[in-house]
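Number of protein chains: 2
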Amino acid sequence: MNQEPKRPGPTKKEDFVRRMSRAILAGKWNPGDRLPSERELAAELGIGKTVVHSGFEQLAAMGLVEIKPKSGIFVADYMRNGNIETLNAIARLKGDELGREVIVAILDLRLAIEGTALRALCQGRRPEDVAHLRALTSAIRALARRSDEKELAEHFFRWHREICILSGKSILTLFMNTMHEVSIAFWVNYLRMYGPAFAIDRLERFTELIEARDGEGAYNLLATGIADYLARLGK
Amino acid sequence: MNQEPKRPGPTKKEDFVRRMSRAILAGKWNPGDRLPSERELAAELGIGKTVVHSGFEQLAAMGLVEIKPKSGIFVADYMRNGNIETLNAIARLKGDELGREVIVAILDLRLAIEGTALRALCQGRRPEDVAHLRALTSAIRALARRSDEKELAEHFFRWHREICILSGKSILTLFMNTMHEVSIAFWVNYLRMYGPAFAIDRLERFTELIEARDGEGAYNLLATGIADYLARLGK
DNA sequence: CACAAGAACTGGTCGGACCAGATTGTAATG
DNA sequence: CATTACAATCTGGTCCGACCAGTTCTTGTG
Numbered sequence: 008m009n010q011e012p013k014r015p016g017p018t019k020k021e022d023f024v025r026r027m028s029r030a031i032l033a034g035k036w037n038p039g040d041r042l043p044s045e046r047e048l049a050a051e052l053g054i055g056k057t058v059v060h061s062g063f064e065q066l067a068a069m070g071l072v073e074i075k076p077k078s079g080i081f082v083a084d085y086m087r088n089g090n091i092e093t094l095n096a097i098a099r100l101k102g103d104e105l106g107r108e109v110i111v112a113i114l115d116l117r118l119a120i121e122g123t124a125l126r127a128l129c130q131g132r133r134p135e136d137v138a139h140l141r142a143l144t145s146a147i148r149a150l151a152r153r154s155d156e157k158e159l160a161e162h163f164f165r166w167h168r169e170i171c172i173l174s175g176k177s178i179l180t181l182f183m184n185t186m187h188e189v190s191i192a193f194w195v196n197y198l199r200m201y202g203p204a205f206a207i208d209r210l211e212r213f214t215e216l217i218e219a220r221d222g223e224g225a226y227n228l229l230a231t232g233i234a235d236y237l238a239r240l241g242k
Numbered sequence: 008m009n010q011e012p013k014r015p016g017p018t019k020k021e022d023f024v025r026r027m028s029r030a031i032l033a034g035k036w037n038p039g040d041r042l043p044s045e046r047e048l049a050a051e052l053g054i055g056k057t058v059v060h061s062g063f064e065q066l067a068a069m070g071l072v073e074i075k076p077k078s079g080i081f082v083a084d085y086m087r088n089g090n091i092e093t094l095n096a097i098a099r100l101k102g103d104e105l106g107r108e109v110i111v112a113i114l115d116l117r118l119a120i121e122g123t124a125l126r127a128l129c130q131g132r133r134p135e136d137v138a139h140l141r142a143l144t145s146a147i148r149a150l151a152r153r154s155d156e157k158e159l160a161e162h163f164f165r166w167h168r169e170i171c172i173l174s175g176k177s178i179l180t181l182f183m184n185t186m187h188e189v190s191i192a193f194w195v196n197y198l199r200m201y202g203p204a205f206a207i208d209r210l211e212r213f214t215e216l217i218e219a220r221d222g223e224g225a226y227n228l229l230a231t232g233i234a235d236y237l238a239r240l241g242k
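Each protein sequence line maps, in turn, to chains A and B.
The numbering of the first sequence is our numbering, which starts it at 8 and goes up by one.
The numbering of the second sequence is our numbering, which starts it at 8 and goes up by one.
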C-alpha cells in the first residue's frame, strides 16, 4: 500500500511534447513554417529519434503540427485545422484561464448536448435512474467537505455525464467525454464562483424535475444557469 | 505533381490496430476483460513489442482499451468512456452505415455549432466574406460534374466549416474539425439522397441570407434542412 | 539548357535491450 | 495458523540504433 498511487515523473517524450507545444502556442514559429528534422531535434536534445517521432505523432494528433511524410514537419494553422485535442492542449498549458469567448462556445455546446439528453431522460426515466442520481448527489455532498477542487470538479462532471448515459443517447456521452479536460477547467471555475453548496442544490433540483418528467423545466434550469454564469463572468 | 499522392500500404502497426479494434468492436471480449500482454501478442503476431505498444497507445486514444501501467491492458467500456475518436473509429470500420440514432445526435450537434456560427456571421459579415463564399460555391459547382463522392463531400464540409471560420468564433471551427471524419460519412449520404444540384442551391440560399444579415432565416434554413433529412431517413 | 541519374536528405518502421512499478508466490516469523 | 517480509517474475514504459522507402536537391551528361 503506497500513499502515492503514482508519481511517474516526466518522461523524455512528455518533456519534448510540452516543450514543443509551448513553443508553437507561444508563436515561436508561424503556421506553415518548417520545423527542424527529427534527427536534428533528437541530436540537439540528446534523445532518440523514436522519441521525437512519437512526440510529433502526438503533436499532430493535437493539431499543432502537420506531418508531410518523407518530406518534413510543419507548424499547423491550428486555429483553422485544429480540433478538440488542440483545445485541450491549450487548456492544459494555460491552466484554468480560458478566454471568455472559449467559455461561451463550450457552454453553447454543453447546452446543446446536455439539453437534448435532459429532454430525453425526462421522457424515459425509470425509478432507478432517479435513485441513482440521488445516490451520486449524496456522494458528492459527502465529498464536498474535504474540498479537493479538482476531485470535486471531476464528480460534477460525472454527474452531468450520467444524464447522457441514462438518457440512452449513448453518442451524446461520447461528445461529453470529448470535452472532459476542458469541462474540468470550467467546473473548477464554477465551484469557486458559486461554492459547492449552491451547485449541489442545483443537482437536486435537476433530479426533481427529471422525476416529474418536466423536460422543459430541466432544460430551462440548465439554460438559465449557464446564462447566469456568463453574466457573472462578464464582470 | 503526381496523380497518386500516396498509397503507403498498410503497416504492421495499422494492421494491428485495425485487427484489435475490429475484434473489440465485434465484442470478442467484454468491457473490463484483460487482454494478453504486449509480449504475448507481439510473439503471436510475429511483430515487435514496440509496435504493439504503440498500437495500444492509439487504441487507448480511441477509447477502446484502458492501459493500467505496469499492470495490464483492459477492454474499455467504450460506450461510457469513449470519445469522438471512438465514434470516428466506428465510422471508419462500419463505413458509411451509421445508425439512425448516431446520425440524429450528430445533426443535433451540427445545428448547435453551425447555427451559432451562422447567427454570428450574419451580424458581422463583411462584403468580402460573402464574395468568398460565392467563390467557394462556384468551385463546388465546377467540381460536381466530375462527381467524386468523397471529394465532393469534403468540399461541402469545408464550405460549412468556412461559416465557422468567418464567424470569428474560432472555437466552433475546432469542434467542427473534430467531427470531420464522421461529417464526411454524413455528406456522402446526403448527396446520394438529394443530389449535388439541390445541395448547391442550398449553399446559395445560405449566402443570400448571410448577405441580407438574416440570422434567423439562415438558422431556420439549416434547421428545416436537417429536419427534412431526418424525416426522409426515417423511411 | 533540358533532363535524368543519383546523392543526400526526409519521415516511417521495427526489434531488442533495459527500466521500474505491480503482482504473485514463497518462506520466515509471530 | 495467520501474518509479514522478501524476492522472483510478471507487467507496461522508454529508448536506441539500424534499416526502409519516398522526396528533394545536386550534379553530370546529352
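Note that CB positions come from ideal geometry on N, CA and C, so glycine has one too.
Assignment of K75 (chain A) by DSSP, reduced to helix, strand and coil, places it in the strand class. Of all residues in the region 72-97 of chain B, the ones placed with a Cβ closer than 9 angstroms to any Cβ belonging to chain A are P76, Y85, M86, R87, N88, G89, N90, I91, E92, T93 and L94, in chain order. Not flagged as an interface residue toward chain B: N196 (chain A), since no C-beta distance is shorter than 8 angstroms. Under the three-state reduction of DSSP, I54 (chain B) is assigned to coil, being neither helix nor strand. Given a length threshold of 4 residues, each whole run of the alpha helix (DSSP H) inside the region 92-168 of chain A is given here in chain order: 107-131 and 134-151. Taken through DSSP and simplified to helix, strand or coil, R26 (chain B) comes out as helix. According to the DSSP assignment, D208 (chain A) belongs to the alpha helix (DSSP H) that extends over P203 to E218. Selection B:E169, B:K35, B:I80 and B:R168 evaluated against P43 (chain B) yields B:I80 as nearest (Cα-Cα).
One alpha carbon belongs to L179 (chain B), the other to D22 (chain A), and they sit about 30 angstroms apart.
In this structure, the straight-line span from the alpha carbon of A225 (chain B) to that of T57 (chain A) is close to 50 angstroms. Here the region 111-119 of chain A lies against the region 174-188 of chain B, with 3 or more beta-carbon pairs under 8 angstroms apart. Along the region 168-186 of chain B, the positions whose C-beta sits under 8 angstroms from a C-beta of chain A are I172, K176, S177, I178, L179, T180, L181, F182, N184 and T185, read in chain order.
Between L94 (chain A) and V24 (chain A), the C-beta gap is not smaller than 8 angstroms, which leaves the two residues out of contact. With respect to chain A, the C-beta atom of E108 (chain B) has a partner C-beta closer than 8 angstroms.
Closer than 8 angstroms to the CB of T123 (chain B) there is at least one CB belonging to chain A. Using a Cβ-Cβ cut-off of 8 angstroms, L116 (chain B) counts as an interface residue toward chain A, since at least one Cβ of chain A sits closer than that to its own. For Q65 (chain B), same chain residues with a beta-carbon under 7 angstroms away, outside a window of 5 residues either side, are V24 in chain order. Shown here for K176 (chain B): same chain residues with a beta carbon closer than 8 angstroms to its own, the five before and five after excluded, namely T123, A124 and A127 in chain order.
Between the alpha carbons of P38 (chain A) and K75 (chain A) lies a distance of about 14 angstroms. Proximity of chain B to I120 (chain A) at the Cβ level (cut-off 9 angstroms) is accounted for by A112, D115, L116 and A119, in chain order. Close to A151 (chain A), with beta-carbon spacing below 7 angstroms, lies no residue of chain B; the smallest spacing is near 24 angstroms. Counting along the chain, R87 (chain A) sits inside the alpha helix (DSSP H) bounded by residues Y85 to N88. The Cβ-Cβ distance between A151 (chain B) and L159 (chain B) falls below 8 angstroms. Chain A places a beta carbon closer than 8 angstroms to that of A68 (chain B), counting this residue as a contact. Between H167 (chain B) and the set B:G202, B:A219 and B:R212, the nearest pair of CA atoms involves B:R212.
Rounded to whole angstroms, the separation of the alpha carbons of G53 (chain B) and N88 (chain B) is 31 angstroms. The continuous alpha helix (DSSP H) containing A234 (chain B) extends over residues G222 to L240.
C-alpha of G232 (chain B) to C-alpha of R117 (chain B): approximately 12 angstroms in a straight line. With a cutoff of 8 angstroms on beta-carbon distance, E92 (chain B) and F63 (chain B) are scored as not near each other.
According to the DSSP assignment, S177 (chain B) belongs to the alpha helix (DSSP H) that extends over S177 to T185. When C-alpha distances from R220 (chain A) are compared across A:A96, A:A138, A:I147 and A:G131, the shortest belongs to A:G131.
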